[in-house]
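Going by the numbering used here, the letters in the sequence shown line up with residues 73 to 296, in that order.
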Amino acid sequence: MSSTPYEKVAIGDIHGCTKTLDALLQRLDKVFGSSREYIFLGDYVDRGPDSKGTVQMLLDFSESHPCVFLRGNHDAMFMNSYSKRNLLDWFDYGGDATMESYQKGDTDIKIPTHHLQFFADTQLYYNTPDWLFVHGGMPPHQTISEALEDETQYSSFLWRRDHIAEEDNIWEKTVVFGHTPTRVPYVGKNMIGIDTGCVYPHFGKLTALLLPEMEFIQQQRLDF
């Protein structure tokens with residue numbers, strides 16, 4: 073999908089940290105309101121305490137702000153496991169925390185239809201004239217145009233990490249990604265990584281990237 077001409081705010085992996093997300097969005101909203109396009113890089117669920125609340129907050133925010141929601145590997149696992157009722161493998165990746173957030177106060181797990189639709193509507197990537205936004209990464213030895221046309225690479229958009237070590241990539245624009253947690257935002261050749269491990273105690277920050285300014289805004293974790 074191609075972009076509108078808005079200036080951008082890209083936001084890294086949230087993982088059910090609703091309080092942290094709320095604090096960051098309030099800070100961004102005070103400065104930018106709905107004047108920017110907000111691009112969320114995926115992994116809304118798992119590991120953190122309130123996946124359900126995170127999804128609802130994003131849906132509410134999108135009612136008054138231009139938003140793009142990308143699919144992360146955890147979101148894909150949620151969709152696949154829930155639809156097939158095959159939850160055990162997903163639980164190894166933190167899916168049990170997601171199920172608990174939807175089960176609170178109920179004996180059965182109840183996921184609202186509009187939450188399921190939220191996941192179904194997420195995109196694998198978001199392509200703009202200057203940046204390519206994706207959750208995982210891109211194959212370093214293909215151009216972005218080639219990779220987007222190569223269906224065999226679609227899983228790498230969710231899972232890839234090795235592009236960070238491949239500084240000789242041949243990408244024709246900057247790739248903004250999440251998925252691989254680092255203590256500070258990662259800036260390399262044609263790439264910016266903004267998963268700063270909000271859900272992990274030894275990382276513990278949710279990062280927003282302002283574009284075209286190339287400025288980072290971070291919120292310390294508040295959920296644990």
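Beta carbons: idealized from backbone N, C-alpha and C, even for Gly. Since we're looking at a predicted model, the values are computed, not measured.
Nearest-angstrom beta carbon gap, residue j and residue i [assumed within contact, 8 Å]
i: F150; j: G167; result: 7 Å
i: L281; j: V248; result: 6 Å
i: S155; j: D161; result: Going by Cβ atoms, the distance from S155 to D161 rounds to 14 Å, so no, they are not a contact pair.
i: P284; j: E135; result: Not quite, the Cβ-Cβ distance comes to about 26 Å (not below 8 Å), so this is no contact.
i: R232; j: M210; result: 7 Å
Nonlocal neighbours in the same chain, by C-beta distance under 7 Å from residue i, ignoring five residues either side
i: T174; result: Before going further, note that residue 174 is Tyr rather than Thr in the sequence given. Around Y174: K124, I181, K182, I183.
i: I86; result: L93, D115, Y116, T126, C270, L278
Residue i versus residue j - alpha carbon distance
i: H235; j: I264; result: 11 Å
i: D164; j: R108; result: 37 Å
i: L294; j: T254; result: 18 Å
i: T252; j: D267; result: 6 Å
i: F191; j: K261; result: 31 Å
i: E221; j: F296; result: 41 Å
i: S217; j: F275; result: 33 Å
i: N19; j: T246; result: Here the chain has residues from 73 to 296 only, and residue 19 is not among them.
i: T219; j: D193; result: Checking the displayed sequence, the identity of residue 219 turns out to be Ala instead of Thr. The alpha-carbon atoms of A219 and D193 are separated by roughly 21 Å.
i: D101; j: F112; result: 15 Å
i: P201; j: A148; result: 27 Å
i: K176; j: L188; result: 18 Å
i: Y226; j: P121; result: 29 Å
i: V103; j: V81; result: 12 Å
i: E287; j: E172; result: 36 Å
i: R143; j: P273; result: 24 Å
i: V256; j: S228; result: 23 Å
Cβ shell of residue i (< 6 Å), same chain only, five flanking positions each side left out
i: T170; result: V117, D118, S123
i: P212; result: H235, E238, N241
i: Y258; result: G265
7 Å Cβ cutoff met for residue i and residue j
i: T279; j: G114; result: no
i: A95; j: Q291; result: yes
i: C270; j: T92; result: yes
i: L204; j: N145; result: no
i: C89; j: Y110; result: no
i: H186; j: G250; result: no
i: E244; j: T215; result: yes
Contacts around residue i, its chain only, beta-carbon distance under 8 Å, and the 5 residues preceding and following it disregarded
i: L97; result: M129, F133
i: R99; result: I289, Q291
i: S106; result: S136, H137, P138
Min CB distance residue i to chain D below 7 Å
i: Q214; result: This model lacks chain D altogether, as it is built from one protein chain only.
Any alpha helix (DSSP H) of 4 or more consecutive residues that is wholly inside the stretch 166-247: 167-175, 185-192, 216-221, 228-231, all fully within the stretch 166-247.
Beta strand (DSSP E) runs wholly inside the stretch 80-145, at least 3 long, in chain order: 108-112, 139-141
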